[in-house]
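**Student:** If you number the sequence shown the way full-length UniProt numbering does, the last residue is 150 and the count never jumps. Beta carbons are placed, not taken as given, at the ideal position from N, Cα and C, and that holds for glycine.
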Amino acid sequence: MLISKETIQIHRVKAQVWSCCPKDWTSFGSYCYIVPSKARNWNESEKHCSEMHAHLLVMNTKDDKDFVTQKLDRKNSYYIGLSDPEGKKHWQWVDQTPYNESLAFWHPGEPNNPSERCAMLSHLSNRWGWNNIYCDQAQFAICKTMKIYI
């Protein structure tokens, strides 16, 4: 039996990948973001993010910074996942992403005090940037997690 090209039907099904974020989280790229409603110290903030299967914000690109800061209240400051546990200018991210000084968004003159070992995102002098502060201060925070792919 001969089968002509005209009688052969080829069906291609494109694989669709769906992604989503947990309820009340904001989606951007491959990640989901949320600002918990309660101010906490840095360790409590990281623990709270961890309880939601996330971590404090790791910000590696200007796109991350630009997206996140569009959603924030300029009157508040927000912990991010960057700290200098020993106060020796060895900044590290909570997810072990290597800290890259060329991708840092410090406000001018920051970091300025080795006793201030945690980083926050704040709006000063009409721009968003990082400031180092004491880790025991209560601040809002930004949590980040991977999207869920189905």
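PHE67: which of HIS53, GLY29 and CYS118 sits nearest, CA to CA?
**Tutor:** Mapped onto the sequence shown, residue 67 falls at position 67. Among HIS53, GLY29 and CYS118, the Cα nearest to that of PHE67 is on GLY29.
**Student:** Check whether the region 123-130 and the region 18-36 touch, using three or more Cβ-Cβ pairs below 8 Å as the test.
**Tutor:** Touching, no.
**Student:** In chain order, which alpha helix (DSSP H) runs of at least 4 residues are fully inside the UniProt domain "C-type lectin" (28-144)?
**Tutor:** For the UniProt domain "C-type lectin" (28-144), whole alpha helix (DSSP H) runs of length 4 or above, ordered along the chain, are 42-51 and 62-70.
**Student:** Counting C-beta neighbours from all protein chains within 10 Å, is the total for ALA138 16 or more, i.e. buried, or is it exposed?
**Tutor:** Position 138 of the sequence shown, counted from the first residue, corresponds to residue 138. So ALA138 counts as exposed.
**Student:** Alpha carbon to alpha carbon, how far is GLY81 from ILE148? Give it in angstroms, no decimals.
**Tutor:** As a position in the sequence shown, residue 148 is number 148, starting the count at 1. As a position in the sequence shown, residue 81 is number 81, starting the count at 1. C-alpha separation (whole angstroms): 21 Å.
**Student:** So for CYS21, helix, strand or coil by DSSP?
**Tutor:** The residue labelled residue 21 in the question sits at position 21 within the sequence shown. It is coil, neither helix nor strand.
**Student:** Helix, strand or coil for ILE148? Go by DSSP, reduced to three states.
**Tutor:** Reading the sequence shown from its first residue, position 148 is the one you call residue 148. ILE148 falls in the strand class under three-state DSSP.
**Student:** Taking the beta carbon of TRP91 as the centre, do at least 16 other beta carbons fall within 10 Å, making it buried, or is it exposed?
**Tutor:** For this step, residue 91 is matched to residue 91 along the sequence shown. By the neighbour-count rule (16 or more Cβ atoms within 10 Å), TRP91 is buried.
**Student:** Among the residues of its own chain, which have a CB less than 6 Å from the CB of SER83, if the five just before and after it don't count?
**Tutor:** One-based indexing of the sequence shown puts residue 83 at position 83. Here the set comprises ARG117 and CYS118.
**Student:** Is GLU46 buried or exposed, if buried means 16 or more other CB atoms sit within 10 Å of its CB?
**Tutor:** Stepping through the sequence shown from its first residue, residue 46 is reached at position 46. GLU46 should be labelled buried.
**Student:** Considering Cα atoms alone, identify which of GLU44, PRO114 and HIS53 is closest to GLU86.
**Tutor:** Within the sequence shown, residue 86 is the residue found at index 86, counting from 1. Checked all of GLU44, PRO114 and HIS53; the closest Cα to GLU86 is PRO114.
**Student:** Contact check, PHE140 vs ALA54 under 8 Å by CB: the rounded distance?
**Tutor:** Position 140 of the sequence shown, counted from the first residue, corresponds to residue 140. Position 54 of the sequence shown, counted from the first residue, corresponds to residue 54. At roughly 15 Å, the Cβ-Cβ gap does not stay under 8 Å, so PHE140 and ALA54 are not in contact.
**Student:** For SER4, count the other beta carbons within 10 Å of its own beta carbon; 16 or more makes it buried, fewer makes it exposed. Which is it?
**Tutor:** For the purposes of this step, residue 4 is taken as the residue at position 4 of the sequence shown. Per-residue confidence for SER4 stands at a pLDDT of 47, beneath the threshold of 50, marking its modelled position as unreliable; the derived number appears in the next sentence. That one is exposed.
**Student:** Rounded to a whole number of angstroms, what is the C-alpha to C-alpha distance between SER122 and HIS107?
**Tutor:** Numbered from its first residue, the sequence shown carries residue 122 at position 122. Numbered from its first residue, the sequence shown carries residue 107 at position 107. Rounded to whole angstroms, SER122 to HIS107 spans 9 Å at the Cα level.
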